[in-house]
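Heads up: take any position in the sequence shown, counting from 1, add 51, and you land on our numbering.
See structure below.
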Amino acid sequence: MIYKDAIDWLYSTQQFGIKLGLDQPRRLLKETLCFPKAGVKVIHVAGTNGKGSTCAMIDSLARACGTRAGLFTSPHLLHYGERIRVNGVMISESIIAEYLTDIRNHVASWENHPTFFEITLAVAMRYFRAQNCELIILETGMGGRLDATTAVPADIAVITPIAMDHSQWLGDTLEKIATEKAGIIVPGKPVISAAQEHTAHTVIEEEANRNISPIEFIDHSLEGYHINLAGRHQRENAALAVAACDRIKLPLNSDIVRQALSEVTWPGRFEKLDNYNIILDAAHNPHAATALVATWEDQYPNQKAHIIFGAVEQKNTDKVLAIIAPITENLHLTPTNSARTLTLVDLQSALPSGIAYTVHESLDNALSVVNDFNKTTPALICGSIFLIGQAKAQLMGTDTRSSEQ
């Protein structure tokens, strides 16, 4: 298949939905020879917020050490290849097409068809093997215990802050969600966790003890270094990333850490598009919204923003909107391009009382209106990652094709 046909086929597999379980991804990885080679280290990262930033920092630290690193993350903002990188470089369209063609032929007779995410993981793992990666960094898609990435044996489990999210899949309490996230812990292998709320802390600690896995909670932030990602919370993510790299014995020193953190990038997280005087942030749950507000107040004290906001179902949108209200000059509501988008009626029903807002039938309309206001203070686009990708593509004059997985 050519790239377009291969991607069309892959996106057609979204009809199979999300399937939590390890048997199928293990089968796919085994039969397509995608498990890591002997001696390759695997860092597995789960959590609710900060997973992507932490993975990006680990990747940057590894590369600064001279380690050949493969990075698997999800979802993508603009291009599918963003999910799979070696030494910071995206996988090529030609290799994606080749691997997807092979997988399509291989699974054609399977009774239970692999999902979009399971196939993407197989593409990534095959690529990392072919590229002779010395280290693989895997971000979970959702949860941990039954996430497809858990089919890959890991040398260390890294857990970022846990909060309420994906409750329709992972459970309706913090304890249940933490149990799913802690499911990435491998017996006897070390665990590095961010500081957690008491309930999540207890769950993670008990699961580590049950598996006889040494555990360390990182309850400090990393000071004294410039980090190329805005926000106090990124210093906490950096401390977690450094601890993980140190635990797998990467040859870190202060110069390497300084270089890696000054160069790290992660799109869509308080990302400044200077040419447009716009900031993009995929804060889609209360925990992330709190970090966004703190970062805004640090960067733009005593200033309020025109905020373009869109969200999808099951994201505690009323709480998110209440949290961002203090930094809001005017809220511009718009639907996203996701099939699960909240409608304008849904968004209005989630608004806190007293907030000034405008409704827009499209992102294009919202952007044109906001552009008239953001001459000094940047406009802020936040909420669903689908909205962030859509906005970035539109502003940069490129195409995007989002995925529900």
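For each residue, glycine too, the CB sits at the ideal point set by N, CA and C.
Here the structure is a predicted model, which is why all the values come from computation and not from measurement.
Which residues mark the beginning and the end of the beta strand (DSSP E) in which residue i is found?
| i | result |
| --- | --- |
| Glu267 | Ile266 to Ile269 |
| Tyr408 | Tyr408 to Val410 |
| His383 | Thr379 to Leu384 |
| His357 | Ala356 to Gly361 |
| Arg136 | Ile135 to Val137 |
| Leu446 | No beta strand (DSSP E) holds Leu446; the alpha helix (DSSP H) holding it covers Ile436 to Met447. |
| Val96 | Lys92 to Ala97 |
| Lys323 | Glu322 to Leu324 |
| Ser454 | Where Ser454 is concerned, there is no enclosing beta strand (DSSP E), given that its DSSP letter is neither H nor E. |
| Ser244 | Val242 to Ala245 |
| Glu190 | Leu186 to Glu190 |
| Asp332 | Ile329 to Asp332 |
| Phe122 | A small fix is needed here, since residue 122 is Leu in this sequence, not Phe. Counting along the chain, the beta strand (DSSP E) containing Leu122 begins and ends at Ala120 to Phe123. |
For the putative contact between residue i and residue j, defined by C-beta atoms under 8 Å, what is the C-beta separation to the nearest angstrom?
| i | j | result |
| --- | --- | --- |
| His277 | Thr99 | Incorrect: roughly 27 Å between the Cβ atoms, too far for contact. |
| Ala295 | Ile207 | 6 Å |
| Ile135 | Tyr54 | That pair is no contact at about 14 Å. |
| His411 | Leu384 | 7 Å |
| Ser244 | Ile210 | 4 Å |
| Leu331 | Ile358 | About 11 Å separates the two Cβ atoms, so there is no contact after all. |
| Val242 | Ala259 | 5 Å |
| Ala67 | Thr166 | Here residue 67 is Phe; the residue named in the question, Ala, does not match the sequence. Sure, about 5 Å apart at Cβ, within 8 Å. |
| Ala115 | Ile307 | 5 Å |
| Ser413 | Pro126 | Not really, about 22 Å apart at Cβ, beyond 8 Å. |
| Gly101 | Asn288 | 5 Å |
| Ala281 | Gln354 | The Cβ separation is near 15 Å, so there is no contact. |
Rounded to a whole number of angstroms, what is the C-alpha to C-alpha distance between residue i and residue j?
| i | j | result |
| --- | --- | --- |
| Ala401 | Cys433 | 15 Å |
| Ile154 | Thr428 | 49 Å |
| Ala173 | Val137 | 15 Å |
| Val396 | Leu438 | 17 Å |
| Arg77 | Arg196 | 14 Å |
| Thr316 | Lys227 | 32 Å |
| Pro238 | Val203 | 14 Å |
| Glu257 | Tyr131 | 37 Å |
| Ser145 | Thr346 | 39 Å |
| Pro318 | Pro265 | 33 Å |
| Gly103 | Ala57 | 26 Å |
| Lys81 | Asp198 | 16 Å |
| Leu186 | Thr201 | 16 Å |
| Thr409 | Phe321 | 23 Å |
| Gln168 | Met108 | Correcting the residue type first, residue 168 is Phe in the shown sequence and not Gln. Answer to the nearest angstrom: the Cα atoms are 23 Å apart. |
| Lys323 | His157 | 43 Å |
| Glu364 | Thr449 | 27 Å |
| Gln310 | Ala407 | 43 Å |
| Thr105 | Leu151 | 28 Å |
| Asn262 | Asn388 | 42 Å |
| Ala229 | Asn336 | 16 Å |
| Asp415 | Glu348 | 27 Å |
| Ser305 | Ser63 | 47 Å |
| Thr118 | Pro386 | 42 Å |
| Ser111 | Ser404 | 43 Å |
| Thr368 | Pro302 | 43 Å |
| Gln182 | Met176 | 10 Å |
| Glu314 | Thr253 | 35 Å |
| Leu225 | Ala233 | 12 Å |
| Ala292 | Ile94 | 10 Å |
| Trp60 | Asp74 | 23 Å |
Comparing alpha-carbon positions, which option in the options lies nearest residue i?
| i | options | result |
| --- | --- | --- |
| Ala362 | Val371, Thr166, Ala356 and Phe167 | Val371 |
| Ile436 | Glu314, Ala340 and Ala148 | Ala340 |
| Thr191 | Pro302, Val96, Ala417 and Ile330 | Val96 |
| Met52 | Glu149, Leu128 and Ile94 | Glu149 |
| Ala246 | Ala259, Asp270 and Arg261 | Asp270 |
| Ile375 | Ala333, Arg114, Lys240 and Val242 | Ala333 |
| Ala444 | Lys426, Asp423 and Leu418 | Leu418 |
| Pro212 | Pro302, Tyr178, Ala290 and Gln75 | Ala290 |
| Val45 | Gly222, Leu431 and Val421 | The structure shown does not extend to residue 45, since the chain spans only 52 to 456, so no value can be given for it. |
| Asn328 | Thr387, Asn422 and Pro165 | Asn422 |
| Lys70 | Lys240, Asp297, Asn163 and Arg452 | Asn163 |
| Asp325 | Val91, His252, Glu314 and Leu446 | Leu446 |
| Leu122 | Leu398, Ser160, Tyr178 and Ile235 | Tyr178 |
| Lys240 | Ala205, Leu312 and Ala442 | Ala205 |
Which first and last residues belong to the alpha helix (DSSP H) in which residue i is found?
| i | result |
| --- | --- |
| Lys227 | Leu225 to Lys232 |
| Ile147 | Glu144 to Val158 |
| Gly103 | Lys102 to Ala115 |
| Ser63 | Tyr54 to Ser63 |
| Ala205 | Where Ala205 is concerned, there is no enclosing alpha helix (DSSP H), given that its DSSP letter is neither H nor E. |
| Val237 | Note, Val237: premise wrong, no alpha helix (DSSP H); not H, not E. |
| Gln248 | According to the sequence shown, residue 248 is Glu rather than Gln. Glu248 -> no alpha helix (DSSP H), and no H or E assigned at all. |
| Ile375 | Thr368 to Ile375 |
| Arg180 | Phe167 to Ala181 |
| Ser400 | Leu395 to Ser400 |
| Pro337 | Pro337 to Gln350 |
| Glu82 | Asp74 to Glu82 |
Task: Those runs of the beta strand (DSSP E) which lie wholly inside the stretch 251-312 and span at least 3 residues - done: Correct list: 266-269.
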